[in-house]
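Working notes, structure below.
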């Protein structure tokens, strides 16, 4: 019989931390996860090095508390960072115009990693002055021959340089207000392009705002199409 157990000498404790998964950019402050009854311990990374800067992004961290009597309380905390990834497709119909002509634009957005957004998703196109004008129709379901979901997007016409849209969904009908995982959606505008008596090329660029929805990959955030116009 090992009487030291009953005598209270086996005072080590295993700590349990609930794994944490968080979305997008930012940091986790390890100080917020120190057990209240075991203050003053240290965090170590997977290499056993003491974490001196408490703000971390992801990984496995072990917290160890040692009392004055030599009792040890220790446990591992797993932090996983996930991030959605968005990419757009812009379409022009037609891509060649003569004189003052109808021009339809559709904007398609894909989420590629099966991760829901953790913040708002915004897209934009630069303004073309008086050359291209349109009226935003928030209830449109068809632009030309393409099905669209304009009602899920909110148009901001206040920026002097860009037309901006924000995903708003339709929470009352089961469409989340933050962009869903693996969602593909399309919206668009139907307007008039006026070459103003000139010939040339106009480049339209659809841009997903950097960091939209918490994404971290910004290498696939634009789609560009060129309009050839004649007077």
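In my numbering, the protein residues as written are -14 to 216.
Cβ coordinates follow ideal geometry from the N, Cα and C atoms, glycine included.
All values derive from a computational prediction rather than experimental measurement.
Proximity of the region 181 to 198 to the region 206 to 216 meets the contact definition, three or more beta-carbon pairs being nearer than 8 angstroms. The way I'd put it, the region 112 to 122 doesn't touch the region 92 to 102; fewer than three beta-carbon pairs between them come closer than 8 angstroms. Under the rule that a run must span 4 or more residues, no alpha helix (DSSP H) segment is found entirely inside the region 62 to 129. C-alpha of residue 90 to C-alpha of residue 174: approximately 5 angstroms in a straight line. Judged by DSSP secondary structure, residue 151 falls within the beta strand (DSSP E) whose first and last residues are 147 to 152.
Residue environment analysis places residue 69 among the buried positions, since at least 16 neighbouring C-beta atoms fall within 10 angstroms of its C-beta.
Secondary structure of residue 25 (DSSP, three-state): coil. Between the alpha carbons of residue 156 and residue 137 lies a distance of about 10 angstroms. Look at residue 9 here: in three-state DSSP terms it is coil, with no helix or strand label. Per DSSP, the beta-bridge partners of residue 178 are 86, 117.
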